[in-house]
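Heads up, the sequence shown is in our numbering, so the first residue is 151 and it goes up one at a time.
Report on the following structure.
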Amino acid sequence: MIPHHLGNLTSLRFLSLEASPLYVEDLRWLFGLSSLVYLFMSNVNLSQASDHWVQAINMLPSLLELDLSFCELNHIGSLPFVNFTSLTILNLDSNHFHSPIPDWVFSLSNLLSLNLQHSEFLGPFPNVPWSFTSLTTLDVSNNNLSSTIPNSLYGMTNLTYIYLGSNNLRGGISSAIQNLTSLVSLGLSDNMLEGKIPFMGNICSVEALVLGSNKFVGTVSETFEILSGCLANNLKSLNLDDNFFTGQIMDQIGEFKNLVDLSLRGNMISGSIPMSLGTQLSVLEFLDVSDNRLNGSLPKSLGSLSNLQQLFTSGNLLEGTVSEAHFANLTNLIVFHGSGNSLALRVRPDWIPPFNLFDIRLRSWNLGPQFPALWLKSQKQIQVVDLSNTGISDSIPSWFSNFPDYFSTMNLSHNQIYGKIPDILNVPDRASIYLSSNKLTGPLPRISSALSVLDLSNNPISGELSRLLCNPTGVENSLAILGLGKTLLSGRIPDCWMHWKSLAVIDLGSNGLSGEIPSSFGSLRSLESLHLRNNNLSGEIPLSLVNCTKLSVIDFGLNKIIGRIPNWIGIGLQKLVFFGARSNKLKGQIPRELCDVTALQILDVADNNLSGTIPDCFGDFKAMATKPQQEEPIMVSLFSFALYLENAFVVTKGREDQYSTILRLLTSLDLSQNNLSGEIPKQLTSLQGLVSLNLSGNRLRGSIPDKIGDLSWILSLDISRNQLSGELPSSLSELSFLSHLNVSYNNFSGEIPLSTQLQSMEASSFIGNQLCGPPLPKRCRDEDHNTTGGDADGEEEAEEEDEYWFRLGVAVGFGVGFLGIIGPLVFCRFWRRAYFWFIQEYIWYKILDCFIKLKYMLIKP
């Protein structure tokens, strides 16, 4: 603790206490330091002084510089008067204020630099005049400010550096920005700014312009025109990432001869990359045109950029051949990302590149059929290599395991690489190797304890797991992701997982594994994702898994697991998002403790022997009760270079699909094919974010809850093959997103409610009931009763009369025909004898004669 006795140093002018282990309980001792000019307390924990620190600072009238960055402050109060108006530098970076910026900040008229970034300020800028007359640096980036850019800012002609990025600012950039003639750097990225960029060509001093991740529009050529003029001569860094710019990159880009960094990623720019980009921007070091609609070939002129260090062209429509000429003078290139294009690399077998790369990613290029051995081996400082889906049909080279000291990631997945996997023993710490979806055979390799990621899934690898897992080296293993799904592994899952305590992801799905789930899984305290789906596993779910409190995904589906659903899942696994145990032999009731897992998003226990009622507390699943949000895919983040994209198999609309990138948007409850009884709990209708609900194949009775229409986001609803009764509730017509409905084989009656969705369903969705109305062919008697009044009644009576006369005619016709033929035979002896003579003498003998002739023809030689 910083002692309060420092307050006795009344002549102190300079005080620096910048150190993270230090903390303060009370800052009132500052009152005695009336001569203090410089106060630096960065990284000192001031959380206990949050309620009075502003008042303490206000007692320092001579203060010129104040740095309270990273101080855990959570409160910034107002001041009736400001006593430290001499302040020139104020730094409150990285605190936790959770409040608007106070008015008194904008009354510090002598400020030269104001840094409020990363401090969780929110709301609009204060509606007060800005008294800054000399301010040169303003940084309020990475907050939650939610207004337009204040007009006061455009009047501060001394501003040199403006950073407003990563907020929620809206509106556009005013044309008054031309007044900021001293501006050197402007950062407005990651906001919601929109419209066109105003003319800025007369601000000659600008060197950096960062406008990425907004909603700016216009063609890219118009934008370069707006920025042309004297600004084009000095601009060194231009970032227009992730906006809505269209059009083509024209040769006018050559006017920006001093550009060092140019980023146009994530727009809708089309056309080809101009030759002038490589011939005239000679000082360019960073170029990113990825994730656009660029087509044509990669220009050879890029090979002239001798200063270029990082090149990003991924995610476009580029095609053609890339040769050695494209890299002729790229001697400083260290990063090259070109994935997702239709390019083919064609170089001499003995070609040695002029560069020494750290990171190369050429996914979906045509590099095969041979492994690019020589030029790749020549990269001595390589850290990341992505050559996935590149048409390589070759064996793994012998030098594969001799990785450089800085190596981190090798991705060779989705190729046709064959042969035995060599042992992976010589790798740097936390290295990642992806070899999935190839033709690799043989047993599992032995691996280094330093390896972090090993993905061998979807290969015809055979043998047992014990060779990889059960040979402890005495050194702590770093393996965090183990992907062995869709292989030919067999035998029991070994009980030696205690040696792999860093594991976060285990995928052993779709193999031939048998036996019980080992209890040593419970020693994996970092485990987040466990996939054992589609094997021959038996036994019960082990109690030891309750120790894996970080688990978010469990998939035991398509096995032979017995016993009950454990109640400890609801007690210990509070982070569970997906629980799948489909097609097993589970029995007993669904435990109510499962309702405590409020994060549960997908519950699939279909095709088991579960009994009892559906717990009414299922309405407490908060993740199913909220509207699905468009968020990033569920990723298990391990290190800066190792991410695992979570995936799961989910049955919706009667079909099983594998979800990954949109898994976060999916909410599903599947209890089908069990022995559940009772009624459908009305509490289920509170799950308003539910996308799929399947209760089919049970013994449920009663009616459908009246408020079923509250499931406003549901796409698939299946309650078929139960004992439900009553009428279909009218609120079904409110399900505007419903695309799959099945209520067949119940005891429903009455008319099917009218809506666009319900009448578009197949008639088979409603069969096996006493329902009527479209889409069923059976019409309801009173379905037209209210349409035309008396006309409808008259039409119905006419139809009934026509039906009466039709039936009467059939009866009369039958009677006349019967009496006309049978009557004479009964009452007239002569006619009766003639009739039977005709049958015997004529028809019968004719048939017999034909039969004899046919027999004679068959036996005739």
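The beta carbon of each residue, even a glycine, is placed where N, CA and C say it ideally should be.
- Around the beta-carbon of A756, 16 or more other beta-carbon atoms lie within 10 Å, marking it buried.
- A contact between stretches requires three or more CB pairs, one per stretch, nearer than 8 Å, and the region 422-430 meets this requirement with the region 393-411.
- Taking C-beta atoms under 8 Å as the contact rule, F395 and G368 qualify, at a distance of about 6 Å.
- Beta-bridge partners assigned by DSSP to T591: K570.
- Closest by C-alpha distance to L619, out of S607, L601 and W647, is W647.
- DSSP, reduced to helix, strand and coil, places A581 within a strand of the structure shown.
- The three-state secondary structure of R642, taken from DSSP, is strand.
- When secondary structure is reduced to three states using DSSP, R513 falls in the coil class, being assigned neither helix nor strand.
- Under DSSP, C922 takes part in a beta bridge, and its partners are E901.
- Distance from the Cα of L338 is smallest, within the candidate group F181, K365 and N158, for K365.
- By DSSP's assignment, I715 forms no beta bridge with any residue.
- Secondary structure of Y173 (DSSP, three-state): strand.
- G633: member of the beta strand (DSSP E) spanning I631 to G633, first to last residue.
- Proximity to G351 across N466, A382, N408 and D340 peaks at A382, based on C-alpha coordinates.
- Note: Y809 is bridge-paired with A798 in the DSSP secondary-structure output.
- Taking 8 Å as the cut-off, the Cβ atoms of I643 and L658 count as close.
- S607 sits in coil when the DSSP states are folded into three classes, being neither helix nor strand.
- Secondary-structure assignment with DSSP links Q198 through no beta bridge to anything.
- For the 8 Å CB-CB criterion, V577 and F553 form a contact.
- Around E806, the same chain offers F799 and V800 as residues with beta carbons nearer than 8 Å, after the five sequence neighbours per side are excluded.
- When the five nearest sequence neighbours on each side are left out, the beta carbons in the same chain lying within less than 6 Å of the beta carbon of S889 are those of L865, in order along the chain.
- DSSP places I376 within a helical segment (H, G or I) once states are collapsed to three.
- When the alpha-carbon of Q459 is set against those of S451, G828 and N506, the nearest one is in N506.
- Note that the C-beta distance between F477 and P449 is not below 8 Å.
- The C-beta separation of N686 from K710 comes to about 6 Å, placing the pair in contact by the 8 Å criterion.
- Closest in C-alpha terms to D820, from the list N277, S881, L590 and N758, comes N758.
- When secondary structure is reduced to three states using DSSP, L693 falls in the helix class.
- DSSP lists F728 and S818 as the bridge partner or partners of I752.
- For I656, there is no enclosing alpha helix (DSSP H); the enclosing beta strand (DSSP E) covers residues V655 to D657.
- The C-alpha of N445 lies about 16 Å from the C-alpha of S451.
- Under the DSSP assignment, S492 falls outside any alpha helix (DSSP H), being part of the beta strand (DSSP E) whose first and last residues are S492 to L495.
- Across the set N734, G720 and L216, the C-alpha of N734 shows the shortest separation from the C-alpha of S688.
- In the DSSP annotation of this structure, the continuous segment of the alpha helix (DSSP H) that includes T429 starts and ends at S426 to T429.
- Here DSSP, grouped into helix, strand and coil, assigns V485 to strand.
- Taking 8 Å as the upper bound for CB-CB distance, P692 and I712 are not in contact here, some 12 Å apart.
- The three-state reading of DSSP puts D746 in helix, counting H, G and I together.
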